[in-house]
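For the sequence shown, the numbering used here begins at 114 and goes up steadily by one.
C-beta: ideal position from N, C-alpha, C; glycine also.
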Amino acid sequence: ELLDAVTGKVKKDFGLTRLRVPPLAGKTVISTGLILAAPELEAGAYKLRLTALDAKSHSAVRVIDIRLEN
Numbered sequence: 114e115l116l117d118a119v120t121g122k123v124k125k126d127f128g129l130t131r132l133r134v135p136p137l138a139g140k141t142v143i144s145t146g147l148i149l150a151a152p153e154l155e156a157g158a159y160k161l162r163l164t165a166l167d168a169k170s171h172s173a174v175r176v177i178d179i180r181l182e183n
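Written out as structure tokens, the structure reads:
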């Protein structure tokens, strides 16, 4: 979800994305990249909230500050 940096209001919900997970082989971190398009939003400060969910319904949430520029 992309949130307004000031109010915390959801500006865009990107929905669910299923990742293909390689064999972990002892690793606890999986690197990945996503392209998230939001051309309808104005330039400015936002927060990106990412939620990861595993097969056993365990979740982890991370929020990062980002800035959109035109």
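Supposed close pair residue 177, residue 161 - CB separation, criterion 8 Å:
In this structure residue 177 touches residue 161 by the C-beta definition: roughly 5 Å separates them, less than 8 Å.
Using only alpha-carbon positions, find the residue among 172, 163, 120 that is nearest to residue 128.
163
Out of curiosity, what's the CA-to-CA distance linking residue 125 and residue 144?
24 Å
Nearest candidate by alpha-carbon position, reference residue 151, set 181, 133, 138
181
Can you tell me which residues form a DSSP beta bridge with residue 167?
According to DSSP, which records beta bridges pairwise, residue 167 is partnered with nothing at all.
I'd like to check one pair, residue 158 with residue 119: are the Cβ atoms closer than 9 Å?
yes
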